[in-house]
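Trainee: Here it is, the structure, as structure tokens.
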Amino acid sequence: MEVNSLTLFDEELVKRVDIYRKHPHLLPFIGENYGKGNCNKILLVGESFRLANRENKSELNNMFEKWYEKSNDDLKLSDEEIGWTKTRETITYSNSTFNRNVRSILEELGETVSSVAFMNFFQRPAYPVPLGRKTGIVSNEKDVEVAKEALQKVCEIIKPNYLLFVSKKSFWSFGDKCEILQGKEIGVKKIGAVAHPACRYWNKDGGKYGRQAFINFFQEFVKKNKEN
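One point on numbering: in numbering that gives the first Met the number 0, the residue at position 190 of the sequence shown is 189, and numbering is uninterrupted.
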């Protein structure tokens with residue numbers, strides 16, 4: 000089934016979020032049924048993409064050092080590299096464990112990705128395996144700073160009622176900024192966090208940290224047939 004992302008927010012997102020001007024393929028996915036049907040508006044926040052491998056390791060290191068300063072063209076990103084990190088296509092069609100598990104749990108809840116919005120928290124991809132740790136991005140202060148700013152502005156623009164981090168690392172990195180999202184100007188009603196869908200905690204102890212926690216949050220807060 001083809002799933003489309005709304006583009007009505009794109010002009011404002013590109014205008015207000017610097018990283019999207021330089022790397023428009025990172026623009027968040029906003030399902031065509033976002034806020035419609037049986038679901039309140041929910042933004043799912045993942046962790047990071049992992050870039051396709053490059054044989055030239057020094058070139059790869061230079062790319063990451065310049066990521067926030069340079070555009071896709073400046074960095075000479077290949078079509079494959081953009082494809083690996085294109086938010087709107089990966090969440091809908093990628094066969095990675097993360098994306099499969101997110102789509103599967105939504106289907107179990109009687110929904111599809113068309114009902115939600117999605118973005119990764121970190122706005123820089125992680126190193127490819129085996130260069131990078133298999134547990135995800137090794138973030139620095141700049142990564143966290145850019146990520147916090149991007150998430151706050153996305154919430155200001157698309158105004159989700161609920162926010163669910165599907166990565167504890169992302170949630171912990173965002174930290175006290177949660178209070179800003181729940182303030183009067185943005186108005187997020189509830190923020191939750193579950194284990195990363197590709198990590199071992201997703202199904203551990205009956206999924207209480209991941210899969211089942213996702214279901215519980217969705218059923219308690221997101222479904223419109225519940226009192227929110």
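Note that the Cβ used here is the ideal one computed from N, Cα and C, for glycine as well.
Determine the extent of the beta strand (DSSP E) in which F173 is found, giving its start and end residues.
Mentor: Per DSSP, F173 belongs to no beta strand (DSSP E); it is in the alpha helix (DSSP H), K167 to F173.
Trainee: Does DSSP classify A51 as helix, strand or coil?
Mentor: It is coil, neither helix nor strand.
Trainee: Identify which residue in L25, N37 and L74 has its Cα closest to the Cα of L12.
Mentor: Checking every option, the nearest Cα to that of L12 belongs to L25.
Trainee: Excluding the five sequence neighbours on either side, which residues of its own chain have a C-beta within less than 6 Å of the C-beta of Q218, listed in chain order?
Mentor: Taken in chain order, the list of residues that qualify is empty.
Trainee: Would you identify the three-state DSSP class for E226, choosing helix, strand or coil?
Mentor: Low confidence applies to E226: its pLDDT is 48, below 50, so where it sits in the model is not reliable, and the reading given next is rough at best. Coil.
Trainee: Going by DSSP, name the residue or residues bridged to L43.
Mentor: Paired residue(s): F117 and L163.
Trainee: Quick one: what does DSSP say I29 is sitting in, helix, strand or coil?
Mentor: Reduced to three states, the DSSP call for I29 is strand.
Trainee: Express the C-alpha separation of R199 and N227 in angstroms, rounding to a whole number.
Mentor: At N227 the pLDDT is 47, less than 50, meaning the model places this residue with poor confidence; the figure from the coordinates comes in the next sentence. For N227 and R199, the distance between alpha carbons rounds to 31 Å.
Trainee: Tell me, which residues are paired with I190 by DSSP?
Mentor: I190 pairs with L162.
Trainee: By a C-beta neighbour count over all protein chains shown, 10 Å radius and 16 as the cutoff for buried, is D204 buried or exposed?
Mentor: Under this definition D204 is an exposed residue.
Trainee: Tell me whether S103 sits in a helix, a strand or coil according to DSSP, three-state version.
Mentor: Helix.
Trainee: Indicate the three-state DSSP secondary structure (helix, strand or coil) for A125 in the structure shown.
Mentor: DSSP places A125 in strand when its eight states are reduced to three.
Trainee: How would you label E46, buried or exposed, when you count the other beta carbons within 10 angstroms and need 16 or more for buried?
Mentor: Buried.
Trainee: How would you call N3, buried or exposed, if buried means at least 16 neighbouring beta carbons within 10 angstroms?
Mentor: With fewer than 16 Cβ atoms within 10 Å of its Cβ, N3 is classed as exposed.
Trainee: Name the residue from N139, I157 and P23 whose alpha carbon lies nearest to the alpha carbon of S172.
Mentor: The shortest C-alpha separation from S172 is found at N139.
Trainee: Going by C-alpha distance, which of L59, C177, Q122 and K188 is nearest Y161?
Mentor: When each option's Cα is compared against that of Y161, the closest is K188.
Trainee: List the whole-angstrom C-beta distance separating A197 from F97, where the pair is believed to meet the contact cut-off of C-beta under 8 Å.
Mentor: Contact flag correct, Cβ pair sits at about 4 Å.
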